[in-house]
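In this note's numbering, the protein residues as written are 10 to 87.
We put the CB at the ideal spot given by N, CA and C, even for glycine.
Source: prediction; values computed, not measured.
Below is one structure, written out as structure tokens; comments come after it.
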Amino acid sequence: KNIDLNQQTIKVKYLHKTVEFVYTPDQTVYDLKQQIQNKEGLSPDRYRMIFAGQLMDDDCTILQYNIKEDQLIHLVLK
């Protein structure tokens, strides 16, 4: 699954905090949630992720949402 896509940085905002994560566009939303859990201790079932007003599906890739370097994803606690 190594497509040799460059790693990029994405920003995730929740509560009053913005955290940066390194990702590759072929990663799924769930992969990103795993990174958030590892770094922030937030279990993936405790929140939803929203980009450009759209609820993000765990099975979709970052690329499918056309997210570019340094764009912001909102994390909304359930």
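Length at least 4, wholly inside the segment 29-58: the alpha helix (DSSP H) runs in chain order:
Segments of the alpha helix (DSSP H) lying fully in the segment 29-58: 38-49.
Please name the residue, chosen from 87, 15 and 19, that lies closest to residue 54 on a Cα-to-Cα basis.
Distances from the alpha-carbon of residue 54 to those of 87, 15 and 19 put 87 closest.
Counted within 10 angstroms of its Cβ, other Cβ atoms place residue 26 as buried (16 or more) or exposed:
Its Cβ having fewer than 16 others within 10 Å, residue 26 is exposed.
Determine which residues share a DSSP beta bridge with residue 63 and list them.
Paired residue(s): 60.
Top-ranked residue by Cα proximity to residue 81, from 21, 35 and 15
Selected option, being the one with the closest Cα: 21.
Could you tell me which of 30, 64 and 72 sits nearest to residue 46, measuring between CA atoms?
That would be 30, whose Cα lies nearest to the Cα of residue 46.
Roughly how far, in whole angstroms, is the beta-carbon of residue 37 from the beta-carbon of residue 79, given that I think they are within contact range, below 8 Å?
That pair is no contact at about 20 Å.
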